[in-house]
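Since the structure comes first, as structure tokens, the remarks are kept for the end.
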Amino acid sequence: MTTALEGSDEGWIVRFEVTAANRRSVEALATIANGRFGTRGLLDHRGDLIPGSTLAAGVYDGDDVPGLLPGPRWSVVDLSSGRSWSETVALNLATGVLRVELVDVGPGEDGANLVGQRTVVATLLASIVDAGLHMLQVTGPVEVVHPGPPLRAPEPRPGVRVQPFDVGGGSMSLTVGSERGSISATATQVVRDVGRQRTITRFARFESCVDGGASGLSTGSGRSVADVERAGFARLRREHEHRWRQRWETCAIDMPARPDLELAIRLAQYHLLAAAGNDDEVAIGARGLTGPAYRGHVFWDTDVFVLPALSAMAPDLAHGALLYRINRLPAAMNESAEQGLTGACYPWESALSGAEVAPTEGRDLHGKSVPILTGTEEQHIVADVAWSIMNHLRWTGADELLAAGGADVLIETARYWQSRAAFDDGGFGHIRGVIGPDEYHETVDDNAFTNGMARWNLRTAAAVAAELGTVEDEERRSWLRTAENLVDGYSPSEGIHEQFAGYFRLEPVLTAAVGEPPLPADVHTGHDRIQQTQIIKQADVLMLHHLLPDTLPAGSLDLLPDTLPAGSLECDLDHYLPRTAHGSSLSPAITASVLARAGRPQQAVRWFELAARFDLDDVSGTTAGGVHLATMGGLWQALANGFFGLRPAGDALAVDPRLPDEFGVVTLRINWRSVPVRLEASAEQLIIEAQEEIDVAVAGVGTTRGRDVRALRRDERWELT
Ligand code: IFM
Numbered sequence: 021m022t023t024a025l026e027g028s029d030e031g032w033i034v035r036f037e038v039t040a041a042n043r044r045s046v047e048a049l050a051t052i053a054n055g056r057f058g059t060r061g062l063l064d065h066r067g068d069l070i071p072g073s074t075l076a077a078g079v080y081d082g083d084d085v086p087g088l089l090p091g092p093r094w095s096v097v098d099l100s101s102g103r104s105w106s107e108t109v110a111l112n113l114a115t116g117v118l119r120v121e122l123v124d125v126g127p128g129e130d131g132a133n134l135v136g137q138r139t140v141v142a143t144l145l146a147s148i149v150d151a152g153l154h155m156l157q158v159t160g161p162v163e164v165v166h167p168g169p170p171l172r173a174p175e176p177r178p179g180v181r182v183q184p185f186d187v188g189g190g191s192m193s194l195t196v197g198s199e200r201g202s203i204s205a206t207a208t209q210v211v212r213d214v215g216r217q218r219t220i221t222r223f224a225r226f227e228s229c230v231d232g233g234a235s236g237l238s239t240g241s242g243r244s245v246a247d248v249e250r251a252g253f254a255r256l257r258r259e260h261e262h263r264w265r266q267r268w269e270t271c272a273i274d275m276p277a278r279p280d281l282e283l284a285i286r287l288a289q290y291h292l293l294a295a296a297g298n299d300d301e302v303a304i305g306a307r308g309l310t311g312p313a314y315r316g317h318v319f320w321d322t323d324v325f326v327l328p329a330l331s332a333m334a335p336d337l338a339h340g341a342l343l344y345r346i347n348r349l350p351a352a353m354n355e356s357a358e359q360g361l362t363g364a365c366y367p368w369e370s371a372l373s374g375a376e377v378a379p380t381e382g383r384d385l386h387g388k389s390v391p392i393l394t395g396t397e398e399q400h401i402v403a404d405v406a407w408s409i410m411n412h413l414r415w416t417g418a419d420e421l422l423a424a425g426g427a428d429v430l431i432e433t434a435r436y437w438q439s440r441a442a443f444d445d446g447g448f449g450h451i452r453g454v455i456g457p458d459e460y461h462e463t464v465d466d467n468a469f470t471n472g473m474a475r476w477n478l479r480t481a482a483a484v485a486a487e488l489g490t491v492e493d494e495e496r497r498s499w500l501r502t503a504e505n506l507v508d509g510y511s512p513s514e515g516i517h518e519q520f521a522g523y524f525r526l527e528p529v530l531t532a533a534v535g536e537p538p539l540p541a542d543v544h545t546g547h548d549r550i551q552q553t554q555i556i557k558q559a560d561v562l563m564l565h566h567l568l569p570d571t572l573p574a575g576s577l578d579l580l581p582d583t584l585p586a587g588s589l590e591c592d593l594d595h596y597l598p599r600t601a602h603g604s605s606l607s608p609a610i611t612a613s614v615l616a617r618a619g620r621p622q623q624a625v626r627w628f629e630l631a632a633r634f635d636l637d638d639v640s641g642t643t644a645g646g647v648h649l650a651t652m653g654g655l656w657q658a659l660a661n662g663f664f665g666l667r668p669a670g671d672a673l674a675v676d677p678r679l680p681d682e683f684g685v686v687t688l689r690i691n692w693r694s695v696p697v698r699l700e701a702s703a704e705q706l707i708i709e710a711q712e713e714i715d716v717a718v719a720g721v722g723t724t725r726g727r728d729v730r731a732l733r734r735d736e737r738w739e740l741t
């Protein structure tokens with residue numbers, strides 16, 4: 021089995037020329053992080069990185085709508101004032117090391133024309149060997165690089181206290197705290213001059229703790245700053261680089277025919293891995309630790325976009341995010357009780373406590389107040405949380421997660437749907453007054469995605485509870501009856517799902533009437549107007565197809581408990597694609613995935629490319645606030661689940677590649693049931709190499725067991741060779 025990362029790191033380095041226009045998005049894109057802490061990816065030589073340039077997972081401020089607490093700034097380095105610098109940033113994805121090069125392009129205070137001759141080079145990393153440790157080394161001319169304090173306070177904010185203190189021996193400490201938690205750093209630095217060159221080497225050790233949280237999370241471990249100073253920058257950097265390379269061994273993706281896409285996918289994988297952690301719970305917000313957007317709140321982005329990628333790329337790193345949800349089950353049960361219902365209702369936006377923290381009001385482009393209803397209506401999150409736990413179990417076989425709280429989540433979320441559904445006189449079940457993934461249409465009844473996922477939740481929980489014997493038979497049967505009777509909007513005669521009750525009666529306007537997607541169609545047409553049309557924000561019915569696919573390879577042993585009607589994907593695609601504005605970054609990758617599953621890989625390429633470039637090109641103009649982790653997780657899923665057709669099918673890994681010619685040969689490395697597996701596929705052939713024997717179900721072939729499975733595609737059918 022060939023390994024990843026043979027040869028040089030070319031193909032692993034993302035480079036940016038920093039301009040005034042892209043500065044903020046580069047900061048986000050080049051973030052260095054280790055699941056616990058993240059720092060924006062520029063040298064803070066102007067002291068003007070975005071407020072909150074260092075963040076800690078799960079540590080929020082004390083606002084009513086909590087946001088991530090800005091931590092001590094450790095990457096500020098004072099350079100001579102009055103200079104202008106051209107900046108180049110190179111993030112090595114293979115090693116998790118950031119290099120920033122500054123070249124003097126301004127007139128010297130000494131009057132000499134030194135343009136291009138004065139160069140400052142900085143190396144920064146957030147250690148993944150020791151998650152508290154951050155390191156920086158800066159080299160440049162002595163007259164340019166000035167040693168300042170190794171730590172600075174973040175921007176003052178109401179309700180946030182900052183306590184600096186000198187700990188002696190050249191080290192200093194700084195704690196930033198709110199009533200919800202605190203981030204502390206202790207830092208030391210060594211300044212060495214050799215001739216006219218100065219090198220500053222800085223070590224900062226971070227710790228975070230939360231107050232009144234669900235788990236009493238506290239982080240910070242390993243060597244003191246004095247110890248790390250003794251170990252030295254070079255050795256600690258080597259350890260960190262080695263660990264990153266080890267990570268990639270079992271998850272790197274190669275796409276040599278499309279180096280642009282290859283680099284974009286690796287960047288996405290880098291950010292997914294950098295956002296995750298395994299030693300305790302980790303709150304992965306919609307932008308990870310790469311920026312303040314969405315205030316670091318946890319959405320379904322984590323459950324059904326980020327986690328499925330992590331469960332297959334680095335299952336141990338998925339653990340912290342799963343634990344985050346499991347630990348917040350009591351809060352979700354409180355929420356349900358407050359609604360007068362049973363079971364657990366997870367919040368649409370979640371922070372430390374697990375209570376709903378979505379804002380209730382926003383402003384439109386004209387400054388007019390608009391109510392935000394997602395916090396009370398976007399309840400599909402309840403089933404999304406359950407789905408991600410089950411998906412992790414199916415990929416990893418880590419059944420112990422059930423006993424560790426996973427089963428309780430499945431059962432309590434099912435209980436929520438059982439009490440949430442209302443029955444009409446004909447015995448049909450309805451879930452009324454919701455928002456589906458398409459957030460343009462509010463307070464709708466029987467959203468197909470919500471009902472479909474709720475039905476899946478009820479049936480899956482019934483199956484798990486039957487196995488564990490933890491729920492009375494009568495209760496389980498009632499879940500199955502509800503699942504059976506929930507309306508799902510499917511019309512067998514037309515073969516399509518109605519997105520919600522009454523959707524087909526809306527004005528049949530297509531997105532093209534508003535503009536070329538992706539576009540925020542609601543902003544173009546207005547919040548109220550868009551609701552009267554069939555234009556939707558993002559994949560909704562199509563998202564249901566993505567999570568509950570209708571096509572599994574023949575020979576699959578244990579099918580998912582709920583799949584969609586055969587043939588409905590094609591009809592739903594034809595209906596919804598021209599009506600989707602892709603006003604959310606979550607939409608393009610899922611569209612690519614389902615197009616590939618529908619056997620239209622060529623058509624999928626456009627959406628895949630859009631997802632791949634979403635942050636690199638700052639398509640929505642929002643990357644400054646942090647990279648879109650869900651888009652990145654969706655990109656991985658589009659390749660793995662869409663183009664490669666990977667699915668858990670009982671104990672077998674189902675594979676059904678549908679790759680467009682222009683992708684050439686693509687190599688995907690995954691973990692399947694603790695076994696590293698390398699899959700190489702093109703439009704014509706498939707090679708699967710596993711480190712141990714595994715069951716593989718190749719589409720149309722049936723299940724075979726082995727370490728080395730090879731197949732050729734002839735006349736649209738796979739044949740083992
Ligand atoms: O979760 C998403 C939602 O689907 C669309 N609006 C943004 C949220 C956070 O990314």
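Under our numbering, the residues of the sequence shown are numbered 21 to 741, in order. All residues carry an ideal CB built from backbone N, CA and C; glycine is no exception. For clarity, every value in this text was computed on a predicted model and none was experimentally measured.
If distances are taken between C-alpha atoms only, which option among the options comes closest to residue i?
i: Thr380; options: Ser370, Asp428, Thr394, Lys388; result: Thr394
i: Leu589; options: Glu514, Pro184, Tyr523, Val390; result: Glu514
i: Ser147; options: Phe223, Asp29, Ser198; result: Phe223
i: Pro312; options: Pro677, Ile708, Gly78, Gln622; result: Gly78
i: Glu301; options: Val507, Arg315, Leu281, Arg348; result: Arg348
i: Leu430; options: Gln554, Met410, Asp280; result: Met410
i: Leu539; options: Ile52, Arg60, Gly641, Gln217; result: Gly641
i: Phe226; options: Arg200, Arg177, Ala284, Met155; result: Met155
i: Arg172; options: Pro92, Asp124, Thr741; result: Pro92
i: Ser408; options: Ala329, Trp368, Asp445, Glu358; result: Ala329
i: Ala341; options: His317, Glu358, Gly363; result: His317
i: Ile273; options: Arg667, Glu736, Asp681, Leu655; result: Leu655
i: Ser604; options: Leu584, Leu568, Val543; result: Val543
i: Leu630; options: Thr651, Ala532, Ala427; result: Thr651
i: Thr322; options: Gly67, Arg345, Glu682; result: Arg345
i: Ala424; options: Ile556, Leu343, Arg243; result: Leu343
Given a cut-off of 7 Å on the beta-carbon distance, is the pair residue i and residue j in contact?
i: Pro335; j: Thr206; result: no
i: Val685; j: His547; result: no
i: Val120; j: Leu63; result: yes
i: Val647; j: His291; result: yes
i: Glu713; j: Gly726; result: yes
i: Val109; j: Phe57; result: no
i: Ala76; j: Ile203; result: yes
i: Val324; j: Tyr366; result: no
Would you list the residues sitting across from residue i in a DSSP beta bridge?
i: Cys271; result: According to DSSP, Cys271 bridges with nothing at all.
i: Phe36; result: Val109
i: Tyr510; result: His517
i: Arg172; result: Arg93
i: Thr143; result: Arg119, Gln157
i: Tyr80; result: Leu88
i: Phe319; result: According to DSSP, Phe319 bridges with nothing at all.
Please tell me whether, using a cut-off of 6 Å, the distance from the CB of residue i to the nearest non-hydrogen atom of the ligand COA is below it.
i: Leu606; result: The ligand COA is not part of the structure shown, which contains the ligand IFM as its ligands.
Quick check on DSSP: helix, strand or coil for residue i?
i: Leu530; result: coil
i: Ile550; result: helix
i: Asn691; result: strand
i: Thr480; result: helix
i: His291; result: helix
i: Tyr436; result: helix
i: Ile346; result: helix
i: Trp368; result: coil
For residue i, which residues in the same chain have their Cβ closer than 6 Å to its Cβ, ignoring the five residues on either side in sequence?
i: Trp499; result: Ala434, Gln438, Leu478, Ala482
i: Trp738; result: Val718, Ala719, Gly720, Val721, Ala731
Within the same chain, show all residues whose beta-carbon is closer than 7 Å to that of residue i, passing over the 5 residues directly before and after it, in chain order.
i: Thr270; result: Arg689, Asn691, Pro696
i: Leu530; result: Pro598, Arg599
i: Ser613; result: His566, Gln657, Ala658, Asn661, Gly662
i: Ala441; result: Gly449, His450, Ile451, Thr502, Leu506
Can you find the residues in the same chain that come closer than 8 Å, C-beta to C-beta, to residue i, ignoring five residues on each side of it along the sequence?
i: Thr611; result: Ala559, Leu562, Leu597, Thr600, His602, Ala624, Trp627
i: Ser694; result: Pro335, Thr416, Gly417
i: Glu704; result: Leu732, Arg733
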